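Residue numbers (our numbering): 1 to 114.
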Amino acid sequence: MSIELGHFALVLAFAIAAISAIVGLMFWKREVLAGYLQQGAVLQLLLVAAAFGALIQAFVTSDFSLKLAYDHANSAQPLIYKITAVWGNHEGSMVLWVLILVVMGAAVAAFGRN
1 MSIELGHFAL
11 VLAFAIAAIS
21 AIVGLMFWKR
31 EVLAGYLQQG
41 AVLQLLLVAA
51 AFGALIQAFV
61 TSDFSLKLAY
71 DHANSAQPLI
81 YKITAVWGNH
91 EGSMVLWVLI
101 LVVMGAAVAA
111 FGRN
């Protein structure tokens with residue numbers, strides 16, 4: 001169940017990013033929208049972090065209904081290796097990279113001046 005929630009959170013974060021990009025590019029001179037775009041950046045951070053957390057949870061609990069965990073995890077691994085196996089594959093490292101990018105984007109949105 002958490003995998004589906006993580007997938008939904010990732011899709012929702014993508015939708016918010018697409019809407020923010022379109023609104024930001026089309027109406028970039030309007031100061032009224034800046035607050036909404038900042039809130040969108042923070043919401044993206046929360047959603048991508050939830051998706052990455054769901055992926056970590058699937059690896060830690062050895063949820064082999066997820067093909068990614070089935071291919072790259074082992075139930076006999078120590079906990080630290082299960083956690084690091086999340087970004088030890090292509091898909092997990094891409095989600096980690098997106099998480100790092102939205103952390104930086106949310107930091108700029110929260111602490112940037114102009």
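All residues carry an ideal CB built from backbone N, CA and C; glycine is no exception.
Just so it is clear, the structure is predicted and the values come from calculations on it, not from any experiment.
Subject >> Three or more C-beta pairs below 8 Å linking the stretch 36-43 and the stretch 62-74 >> reply: no
Subject >> N- and C-terminal bounds of the alpha helix (DSSP H) containing valine 95 >> reply: Start at 1 with the first residue of the sequence shown, and residue 95 comes out as number 95. First-last of the alpha helix (DSSP H) with valine 95: 90-111.
**OP:** Excluding the 5 residues preceding and the 5 following leucine 68 in the sequence, name in chain order all residues of the same chain whose CB lies nearer than 6 Å to its CB.
**Re:** For the purposes of this step, residue 68 is taken as residue 68 along the sequence shown, with counting starting at 1. Closer than 6 Å at the Cβ level, and outside the excluded window around leucine 68, lie Glu91.
**OP:** For the alpha helix (DSSP H) holding threonine 84, just list the boundary residues, first then last.
**Re:** Looking up residue 84 in the sequence shown gives position 84. From DSSP, the alpha helix (DSSP H) with threonine 84 extends over 79-84.
**OP:** For asparagine 74, collect the residues of the same chain with a Cβ closer than 6 Å to its Cβ; drop the 5 residues on either side in sequence, then sort them by chain order.
**Re:** Numbered from 1 along the sequence shown, position 74 holds the residue referred to as residue 74. Cβ neighbours of asparagine 74 beyond the five flanking positions: none.
**OP:** Could you check what DSSP says for serine 75 in three-state terms: helix, strand or coil?
**Re:** As a first step, residue 75 is located in the sequence shown; it is residue number 75 there, counting from the start. Serine 75: coil per DSSP, three-state reduction.
Original post:
What is the DSSP secondary structure of methionine 1, reduced to helix, strand or coil?
Top reply: As a working note, residue 1 is residue 1 in the sequence shown. Of the three classes helix, strand and coil, the one that applies to methionine 1 here is coil, per DSSP.
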